[in-house]
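Student: Sharing a structure with you now.
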Ligand code: NAD
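Residue numbers (my numbering): 426 to 838.
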C-alpha cells in the first residue's frame with residue numbers, strides 16, 4: 426500500500442463528485458477529521474524497554490462513530506493510514522451503515538515479538554488511544570497482523586480503563602467474547618452474494634460459471650470454499666507460493682487441507698491440476714476473476730491480458746486507476762472494492778449492534794441480514810451507473826459521497 430492508493434482514492438472521489446455535481450466538497454471529503462500519533466513504551470521479555478509509534482486516523486464521523494481496523498506492520502505509515510481511513514468512510518457510507526471511517530496502525534514487526542510482548546504492546550497502544558476510541562466515537566477492528574485475540578486484549582484493557590465491560594469498543598472479537606457468528610467469513614460471503622446476483626441477471630448457473638481467485642488467505646480461501654460448496658467451477662486459485670489450475674474445477678476442500686498441512690498451495694498434486702503463475706491466473710479465459718490478495722494486482726502492464734468478463738474486487742485496491750479505465754473501455758465489468766468487500770464491515774456492524782443490545786444472532790440470521798445489506802448496495806450502485814452511464818466504481822463513490830454530504834448539510838454548517 427502506498428501513496429498511489431491515496432491518489433487513486435482521490436481520483437475516484439473526484440469522478441464520483443462530478444457525477445453528482447458536488448465537486449466543491451472534494452477538499453472536505455479528501456481530508457481526515459483527526460490525526461493522532463502516539464509514542465508509547467513496551468516492556469520486553471528480556472527486561473528492556475522499547476518505544477513504539479502508532480497512529481489512529483479518523484476520516485469522518487458525519488454519519489456516526491468512525492469505523493476501521495488496526496494493523497501491526499513494519500511498513501505502517503501515516504499516509505497509508507490516512508488512505509485506508511478515507512476508504513472506510515466510503516465503504517460504510519455506501520453500505521448504509523451508521524458509521525464514518527477510521528484506521529489505525531502500529532509500526533512493528535509482530536513476528537519479532539513474543540505473545541506476551543504483543544499483548545503488552547496492544548494494551549499499551551489501547552491506553553494511548555483510549556480517549557479517542559469508544560463504542561460511540563471510533564470502533565476499531567482487526568486488520569493486517571491483528572486478529573480476534575488482539576481485539577480481546579483491547580476490549581479487556583479499554584473496559585478496565587472505563588470500569589465496566591465495553592464489548593462494543595471493537596469488532597472482530599472471538600466468538601466466546603462477544604463475537605459474531607460468521608464474522609470471519611462475512612467478507613467472503615458478501616463477495617459471493619454479489620457474484621450470485623450478477624450471474625442471476627445473466628441467467629447463468631454456478632455449474633456453468635468459471636471463477637479464478639487470486640489470494641488464498643482469509644478472504645480468498647473462504648470465498649473459494651463458499652463458491653466450491655455452491656457448485657461453481659473454481660478453475661484457479663493462488664497464494665504467494667504458486668497458482669493452481671484445473672479447467673474442470675479444483676477441489677477446494679482438498680486444496681485447503683493441503684494449505685493447512687503445509688502452509689502453502691505449492692506441491693498440491695491431483696489429477697488434472699497444473700501449477701500456473703499468478704500472472705497466468707489473471708490472464709485466464711474465465712467468467713469471473715476475483716483478486717483477493719494484493720493492491721495493484723491488475724495494472725497498466727498486465728491489464729490488456731485480462732479476459733474475464735467480470736472482475737470482483739475482494740481485495741482493497743487490486744486494480745490501479747489506469748487499468749480501471751482500460752477495463753471499462755474493454756467492456757469488462759468491475760465491481761469496486763468499496764462495494765464488493767463491504768461484507769466485512771457489515772458483519773462488524775452486526776457485531777456492534779449485538780453487543781450494544783446484549784443480543785446473539787444465529788449464523789442463518791447473520792447471513793440473511795448481510796445478503797440484504799449488500800444486495801441493496803449493489804442494486805443502487807447498478808441503477809445509478811445505468812442512469813448516468815458511468816462505471817460501477819464511479820457510481821459507488823458518487824452514492825457514498827452523496828450520503829455523507831447530505832448528512833453534513835443537515836448537521837455541521
Ligand atoms: P491474508 O493475509 O489472509 O491473505 C492474503 C493472501 O494473498 C495470502 O494467501 C497470500 O499468500 C496471498 N498473496 C500474497 N502475495 C501474493 C501474490 N503475489 N500473488 C498471489 N497471492 C498472493 O489477507 P486477507 O485478510 O485475505 O485480505 C486480502 C485482501 O482483502 C486485502 O486487500 C485486504 O485489505 C482485503 N480485505 C480483507 C477483509 C477481511 O475481512 N479480511 C475485508 C475487506 C478487505
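A virtual CB, placed ideally from N, CA and C, is assigned to each residue, including glycine. Just so it is clear, the structure is predicted and the values come from calculations on it, not from any experiment.
Looking at the strands, I want to know which residues DSSP matches up with residue 531.
Tutor: Answer by DSSP bridge pairing, in chain order: 479 and 497.
Student: Looking at residue 599: is its Cβ nearer than 9 Å to the Cβ of residue 570?
Tutor: No, these two residues do not count as a Cβ contact at 9 Å.
Student: Please determine if the stretch 743-752 and the stretch 606-624 are in contact, where contact requires at least 3 C-beta pairs separated by less than 8 Å.
Tutor: The stretch 743-752 vs the stretch 606-624: no contact.
Student: Smallest Cα separation from residue 716: which of 448, 828 and 737?
Tutor: The shortest Cα separation from residue 716 among 448, 828 and 737 belongs to 737.
Student: Do residue 662 and residue 706 have their C-beta atoms within less than 9 Å of each other?
Tutor: Contact flag set, yes.
Student: Buried or exposed for residue 516, going by 16 or more other Cβ atoms inside 10 Å?
Tutor: Flag for residue 516 reads buried.
Student: Going by DSSP in three states, residue 460 sits in which element: helix, strand or coil?
Tutor: Note: residue 460 maps to strand in three-state DSSP.
Student: Where does residue 815 land, buried or exposed, given buried means 16+ other C-beta within 10 angstroms?
Tutor: Buried, since its Cβ has 16 or more Cβ neighbours within 10 Å.
Student: Who pairs with residue 635 in a beta bridge, going by DSSP?
Tutor: Residue 635 is bridged to 658.
Student: Please classify residue 428: is it buried, with 16 or more other beta-carbons within 10 angstroms of its beta-carbon, or exposed?
Tutor: For residue 428, the predicted structure reports a pLDDT of 44, less than 50, and the residue's modelled location is therefore unreliable. The matter cannot be settled from this model.
Student: Helix, strand or coil for residue 670 per DSSP?
Tutor: DSSP places residue 670 in strand when its eight states are reduced to three.
Student: In angstroms, rounded to a whole number, what distance separates the CA positions of residue 426 and residue 720?
Tutor: Unreliable positioning characterises residue 426 in this predicted model, as indicated by a pLDDT of 47, which lies under 50. The coordinate reading is nonetheless provided below. Looking at the two C-alpha atoms, the distance is approximately 7 Å.
Student: Do the stretch 524-539 and the stretch 489-503 make contact, defined as three or more Cβ pairs closer than 8 Å?
Tutor: Touching, yes.
Student: Mark residue 827 as exposed unless 16 or more other C-beta atoms lie within 10 angstroms of its C-beta, in which case mark it buried.
Tutor: The residue in question, residue 827, is buried, as its Cβ has 16 or more Cβ neighbours within 10 Å.
Student: Identify whether residue 428 lies in helix, strand or coil by the three-state DSSP scheme.
Tutor: Bear in mind that a pLDDT of 44 at residue 428, under 50, signals an unreliable position, so the model cannot answer this.
Student: In whole angstroms, give me the CA-to-CA distance for residue 548 and residue 751.
Tutor: Their backbone Cα atoms lie some 46 Å apart in a straight line.
Student: With a CB to CB cut of under 7 Å and the five nearest residues on each side skipped, what residues in its chain are close to residue 438?
Tutor: Contacts found: 451, 454, 455, 822 and 826.
Student: Is there contact here, the stretch 602-613 with the stretch 769-780, by at least three beta-carbon pairs under 8 Å?
Tutor: Flag = yes, the stretch 602-613 and the stretch 769-780 touch.
Student: Alpha carbon to alpha carbon, how far is residue 665 from residue 730? Give it in angstroms, no decimals.
Tutor: Rounded to whole angstroms, residue 730 to residue 665 spans 20 Å at the Cα level.
Student: State the DSSP-derived secondary structure class of residue 573, mapped to helix, strand or coil.
Tutor: In the structure shown, residue 573 sits in a helix (DSSP, three-state: H, G or I).
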